[in-house]
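If you read the sequences in order, they're chains R and Z. According to UniProt numbering, the first sequence is numbered sequentially starting from 1. According to UniProt numbering, the second sequence is numbered sequentially starting from 1. The beta carbon of each residue, even a glycine, is placed where N, CA and C say it ideally should be.
Number of protein chains: 2
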Amino acid sequence: MSNKKSLAARANAKARRKSLRLHGTIARDLGVLIVSGRYKPGDILNGEIDASDRLQVSRTAYREAVRILAAKGLVESRPKVGTRVSPQARWHMLDPDVLSWIFEFEPDDTLLSNLFELRKIVEPEAAALAAMRRTDEELEIMEKALQGMATHTLASEAGRLADQEFHSAMLRASGNAFIVSLTSGVGAAVSWTTIYKQRQNPLRRDPIPDHQKVFEAVKASDPKAAHAAMLNLVELAQLDTTNSRKPRTKAASSARS
Amino acid sequence: MSNKKSLAARANAKARRKSLRLHGTIARDLGVLIVSGRYKPGDILNGEIDASDRLQVSRTAYREAVRILAAKGLVESRPKVGTRVSPQARWHMLDPDVLSWIFEFEPDDTLLSNLFELRKIVEPEAAALAAMRRTDEELEIMEKALQGMATHTLASEAGRLADQEFHSAMLRASGNAFIVSLTSGVGAAVSWTTIYKQRQNPLRRDPIPDHQKVFEAVKASDPKAAHAAMLNLVELAQLDTTNSRKPRTKAASSARS
DNA sequence: TGAACGATATAACTCAGACAATTTCATGTT
DNA sequence: AACATGAAATTGTCTGAGTTATATCGTTCA
Numbered sequence: 001m002s003n004k005k006s007l008a009a010r011a012n013a014k015a016r017r018k019s020l021r022l023h024g025t026i027a028r029d030l031g032v033l034i035v036s037g038r039y040k041p042g043d044i045l046n047g048e049i050d051a052s053d054r055l056q057v058s059r060t061a062y063r064e065a066v067r068i069l070a071a072k073g074l075v076e077s078r079p080k081v082g083t084r085v086s087p088q089a090r091w092h093m094l095d096p097d098v099l100s101w102i103f104e105f106e107p108d109d110t111l112l113s114n115l116f117e118l119r120k121i122v123e124p125e126a127a128a129l130a131a132m133r134r135t136d137e138e139l140e141i142m143e144k145a146l147q148g149m150a151t152h153t154l155a156s157e158a159g160r161l162a163d164q165e166f167h168s169a170m171l172r173a174s175g176n177a178f179i180v181s182l183t184s185g186v187g188a189a190v191s192w193t194t195i196y197k198q199r200q201n202p203l204r205r206d207p208i209p210d211h212q213k214v215f216e217a218v219k220a221s222d223p224k225a226a227h228a229a230m231l232n233l234v235e236l237a238q239l240d241t242t243n244s245r246k247p248r249t250k251a252a253s254s255a256r257s
Numbered sequence: 001m002s003n004k005k006s007l008a009a010r011a012n013a014k015a016r017r018k019s020l021r022l023h024g025t026i027a028r029d030l031g032v033l034i035v036s037g038r039y040k041p042g043d044i045l046n047g048e049i050d051a052s053d054r055l056q057v058s059r060t061a062y063r064e065a066v067r068i069l070a071a072k073g074l075v076e077s078r079p080k081v082g083t084r085v086s087p088q089a090r091w092h093m094l095d096p097d098v099l100s101w102i103f104e105f106e107p108d109d110t111l112l113s114n115l116f117e118l119r120k121i122v123e124p125e126a127a128a129l130a131a132m133r134r135t136d137e138e139l140e141i142m143e144k145a146l147q148g149m150a151t152h153t154l155a156s157e158a159g160r161l162a163d164q165e166f167h168s169a170m171l172r173a174s175g176n177a178f179i180v181s182l183t184s185g186v187g188a189a190v191s192w193t194t195i196y197k198q199r200q201n202p203l204r205r206d207p208i209p210d211h212q213k214v215f216e217a218v219k220a221s222d223p224k225a226a227h228a229a230m231l232n233l234v235e236l237a238q239l240d241t242t243n244s245r246k247p248r249t250k251a252a253s254s255a256r257s
């Protein structure tokens, strides 16, 4: 049967953007359905044979997808019971994939402000730590990212990547493995926010000076200044976002890249 | 042939304590090998057929285990290349499982102090938020946990669970989904620290008053006091830990590799 | 000389179908 | 009423085969 072939081909075509395998695409699809509320906590997913039948994939592939979701705390499966969606409190909200699935559609305001809340708590402290611990190499990386933001505008993909890289390098420079693992969360927020701002209000404050201030403080090994500058940076970012947000505009599908 | 049966039986017996399936136990075993440094970033795991042969399990089970590890950022697998251990910066350090695997053996001092560093950043702020947002139900839960710590001593499992529950309830009361998802990390640190302290120094300061102070501040809806009390609490906990740690107390401050 | 292109080998990936293990639930027994 | 027993449903595990992606290397062409 050429059935499976065409199936796999279609699935792969759909997921080519990140070279996901079949199980990966299934996990993403189900994951999005869950975090978007289409499946609610407590719901029981269809049985393996049933579900894999509908998706026209083998049970193996479907099961591996479920393993992925379970590993991220989204579901839990038991014999005789089935696979049930876990309560939101068990979800690994800071998992890069979970976060990207959340941002696949426009996340609700509460979640977004929660994420900013966390950023305002962690990033200033991370900057302060970075001011004390940064190596020259890390400093150089941050400077390059800053230049990247300047040359390419934030309207371009390259510019946004530079922005993310700046924040990412800052977290790495904090020298704290756990803070580093928050990078993806910050990155998602940064990128999504920037895209959103760009769409709503193309002409806005130049973000370079704010970043420059943080950089200077870190370079000068001044923790307090770094803390203040970073807090200011994040607060302004949030302000721009919430100000420009209008009720229920449609979502951008490319929240991540 | 009773070969597989005995195998599955043995594996399950080994993991009965948490009703892990076969793939779960394999994932845990491999995960521990990775986070403990037995497999280093860049290393390529044995091929599926080879590895599953050695472990005497089916390729299916082994593959599902690898999917779990991949979902947690520990490994990445590609055709023609194999499954390679990812650089530490990609690991999901705050994933409950990863964390528990790290704490399976005595974690190194740097990591432990990093975790406390994050706690000192997040938990006080969480307490401050909780002071503003807590519901009466949440307050009640915290009070119950406090009583639990008092009646059962911290030497007992019940007491330690109560301690965890107190911190967990505090994070939940912060009303921030992302902060809530840090619960497991805090819990791991709390429980491990307590056990360790208990082992090293059975007679130590009574922790109840410190917790009581935090609770009172949250009950009184006083964010600043809650922040201060929680910071004090975490700092004392860390102090006890590092003080009682004896042999290889090298540098706790330099977080460089 | 070197750069683009194509074959090849190798690993993960996907499939299919069978059987085993676990847990819930209903039933019957003491 | 409490407890043991068994049946049913669902995930879990196994086997073995074929498929697909990709790094490597050799070939051809500029």
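Residue i and residue j closer than 8 Å at C-beta
{"i": "residue 277 (chain R)", "j": "residue 219 (chain R)", "result": "Beyond the ends of chain R as shown, which are 1 and 257, falls residue 277 (chain R); an answer cannot be given."}
{"i": "residue 44 (chain R)", "j": "residue 59 (chain R)", "result": "no"}
{"i": "residue 127 (chain R)", "j": "residue 170 (chain R)", "result": "yes"}
{"i": "residue 71 (chain Z)", "j": "residue 77 (chain Z)", "result": "no"}
{"i": "residue 64 (chain Z)", "j": "residue 64 (chain R)", "result": "yes"}
{"i": "residue 131 (chain Z)", "j": "residue 223 (chain Z)", "result": "yes"}
{"i": "residue 101 (chain R)", "j": "residue 73 (chain R)", "result": "no"}
{"i": "residue 215 (chain Z)", "j": "residue 114 (chain R)", "result": "no"}
{"i": "residue 62 (chain R)", "j": "residue 52 (chain R)", "result": "yes"}
{"i": "residue 89 (chain Z)", "j": "residue 180 (chain R)", "result": "yes"}
{"i": "residue 47 (chain Z)", "j": "residue 24 (chain Z)", "result": "no"}
Assigned exposure category for residue i - 16 Cβ within 10 Å defines buried
{"i": "residue 164 (chain Z)", "result": "buried"}
{"i": "residue 85 (chain R)", "result": "buried"}
{"i": "residue 125 (chain Z)", "result": "buried"}
{"i": "residue 151 (chain R)", "result": "exposed"}
{"i": "residue 26 (chain R)", "result": "buried"}
{"i": "residue 19 (chain R)", "result": "exposed"}
{"i": "residue 22 (chain Z)", "result": "buried"}
{"i": "residue 87 (chain Z)", "result": "exposed"}
{"i": "residue 31 (chain R)", "result": "buried"}
{"i": "residue 10 (chain R)", "result": "Caution is warranted here: a pLDDT of 45 is assigned to residue 10 (chain R), below 50, making its placement in the model unreliable, and the coordinate value is therefore given only provisionally. It counts as exposed."}
{"i": "residue 155 (chain R)", "result": "exposed"}
{"i": "residue 96 (chain R)", "result": "buried"}
{"i": "residue 54 (chain Z)", "result": "exposed"}
{"i": "residue 172 (chain Z)", "result": "buried"}
Rounded distance between the beta-carbons of residue j and residue i, thought under 8 Å
{"i": "residue 238 (chain R)", "j": "residue 116 (chain R)", "result": "4 Å"}
{"i": "residue 98 (chain Z)", "j": "residue 35 (chain Z)", "result": "6 Å"}
{"i": "residue 196 (chain Z)", "j": "residue 241 (chain Z)", "result": "6 Å"}
{"i": "residue 144 (chain Z)", "j": "residue 235 (chain Z)", "result": "That belief does not hold up - the Cβ atoms of residue 144 (chain Z) and residue 235 (chain Z) are roughly 25 Å apart, past 8 Å."}
{"i": "residue 67 (chain R)", "j": "residue 28 (chain Z)", "result": "Going by Cβ atoms, the distance from residue 67 (chain R) to residue 28 (chain Z) rounds to 13 Å, so no, they are not a contact pair."}
Contacts around residue i, its chain only, beta-carbon distance under 7 Å, and the 5 residues preceding and following it disregarded
{"i": "residue 94 (chain Z)", "result": "182, 185"}
{"i": "residue 211 (chain R)", "result": "146, 149, 166, 233"}
{"i": "residue 168 (chain R)", "result": "183, 187"}
{"i": "residue 225 (chain Z)", "result": "217"}
{"i": "residue 33 (chain Z)", "result": "39"}
{"i": "residue 194 (chain R)", "result": "154, 160, 163"}
{"i": "residue 221 (chain Z)", "result": "131, 132"}
Beta-bridge partners of residue i, as assigned by DSSP
{"i": "residue 76 (chain R)", "result": "R:84"}
{"i": "residue 44 (chain Z)", "result": "Z:84"}
Cβ-based neighbour list, residue i, same chain, cut-off 6 Å, excluding 5 preceding and 5 following
{"i": "residue 133 (chain R)", "result": "175"}
{"i": "residue 159 (chain Z)", "result": "149, 152, 153"}
{"i": "residue 108 (chain R)", "result": "none"}
{"i": "residue 229 (chain Z)", "result": "213, 214, 217"}
{"i": "residue 205 (chain R)", "result": "none"}
{"i": "residue 231 (chain Z)", "result": "124"}
{"i": "residue 141 (chain Z)", "result": "169"}
Other residues of its chain near residue i: CB distance less than 8 Å, five sequence neighbours each side excluded
{"i": "residue 42 (chain R)", "result": "84, 85, 87"}
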